[in-house]
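Enquirer:
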Amino acid sequence: MRFRSLLRQRFLKPALPVLLLALPFLVAACGSETTTTTEPTTSTAPVAKVEKLTLVVPPGPMAVPAAYLAAENKLDAVANSVEVITWENTEQLRALVAGNRAEFVTMPSNNAAVFYNKGLGIQLLDIGVWNITYLISTQEGVSSFADIKGQSITVSFQGSVPDLMFQALAAKEGLDPTTGFDLRYAADPTQAAQLLLSGQVQNAVLSEALATSVLLQSKDKGINLYRSFSFDGRWETAFGAQAARTPIAGTAATARVLDKPEVIAEYRKQYAAAVEWMLANPEEAGKLVEEKLPQLGLKAAILTASLKNITWEYVDAEEARPDIEAFFGTLGELSPDVIGGKQPDDGFYYGAI
């Protein structure tokens, strides 16, 4: 098997399951409890192996299941080898998808919708992450945006999913997101974290694993920071049970594999099992990174704690469709471009047609 990082632009030793967990999930949002569901239905027909499967993953905790699949040879029933590639930003992600350089791509759900609506020929297989973003505050006891009205707050990437969720939640509380706070947009999540740690802002919208890392750093520095609330918790309060779920990220299949349903079935089965393993063994997942990937500088404690602060649940895309459409509807009202200008049609959902 082979693990490749576009951040490092080189191949590492095959024995090392290379992924970049130290960076935050760039365009997803939400975070809280962990849950699991039953495995997807799979085919039992004999499978002709492909020579190689390429899995593309983000540089953060969402890379863990795919890395586990490769490290433990879980896809050997359908592939002779497995390659894992990480992407650093949406430009690299788009290049990988547009170039048809992989079979399976893990990404934010809205990016998948954008690519589909642009005609890039992908189908969404599942939603795996439902929650990854928090409000981190210098003030204890904050339970809503109304509690920090008038205070300084930083959000990364204006127009991103976390930003749009912040805008939607603030508006539901009767607050203008641009005038109700001293809002400062950060160029990237790292800058947002530094603004908070340096005392330049009172609040920050941060996604995992950065949120956990910042809280651990604050303890070392003697700074009082608090994990105030998860965005999914506020979403449920704001929008009600009918639109409470926030389908943040999942895996899409590309044209390279869409004509191989038996390979897709095996991937879905093994990916769901990998999520189960990760949730049952967060300490082992952390040790995997610290012991075998010391060059990343990510300690096991950070990854282990971060995994526990993300809502993971494997749900087939067709089953998750009502949640996806409700979520996209809210985001699209604020910025149609974030979902590619329109709700994706039936062809977006694997198994729908």
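Heads up, the sequence shown is in the working numbering, so the first residue is -19 and it goes up one at a time.
No residue lacks a Cβ here, since even glycine has one placed at the ideal position from N, Cα and C.
(1) For A221, count neighbouring Cβ atoms within 10 angstroms of its own Cβ and tell me buried if that reaches 16, exposed if not.
(2) Would G312 pass as a contact of Q103 if the rule is Cβ separation under 9 Å?
(3) Taking the alpha-carbon of L205 as reference, which of A285, P88, G121, K29 has the nearest alpha-carbon?
(4) Determine the extent of the beta strand (DSSP E) in which L149 is found, giving its start and end residues.
(5) DSSP state of A300, grouped into three classes?
(6) Smallest Cα separation from L268: which of S208, A173, T34, P45?
(7) Are A297 and G101 closer than 9 Å when you measure CB to CB?
(8) Looking at T134 and E188, is the spacing between their C-beta atoms short of 9 Å?
(9) How many angstroms separate the CA atom of R207 from the CA atom of L196?
(10) What are the boundary residues of the beta strand (DSSP E) that A46 is part of?
(11) Measure how close the beta-carbons of D106 and R248 come, nearest whole angstrom, since I'm counting them as under 8 Å.
(12) Counting C-beta neighbours from all protein chains within 10 Å, is the total for I333 16 or more, i.e. buried, or is it exposed?
(13) Hey, out of I282, T159, N80, whose CA is closest to A232's CA?
(14) Within the segment 125 to 207, note down every full alpha helix (DSSP H) run reaching 4 residues or more, in order along the chain.
(15) Should E71 be labelled buried (16 or more other beta-carbon atoms within 10 Å of its own) or exposed?
(16) Who are the Cβ neighbours of K98 in its own chain at under 7 Å, not counting the five residues just before and after it?
(17) How long is the line joining the alpha carbons of K32 and S117, rounded to whole angstroms?
(18) May I ask you to report which of helix, strand or coil DSSP gives A306?
(19) Can you look up G108 in the DSSP assignment and give me helix, strand or coil?
Expert: If we stick to the structure as given:
(1) exposed
(2) Judged by beta-carbon spacing, Q103 lies beyond the 9 Å limit of G312, meaning their Cβ atoms are not closer than that value.
(3) G121
(4) Where L149 is concerned, there is no enclosing beta strand (DSSP E), although the alpha helix (DSSP H) it sits in stretches over 141 to 152.
(5) helix
(6) P45
(7) no
(8) For E188 and T134, no; Cβs fall outside 9 Å.
(9) 11 Å
(10) Segment 44 to 51 is the alpha helix (DSSP H) holding A46; no beta strand (DSSP E) there.
(11) 7 Å
(12) exposed
(13) N80
(14) 141 to 152, 169 to 177, 190 to 201
(15) exposed
(16) G320
(17) 46 Å
(18) Helix, per DSSP.
(19) strand
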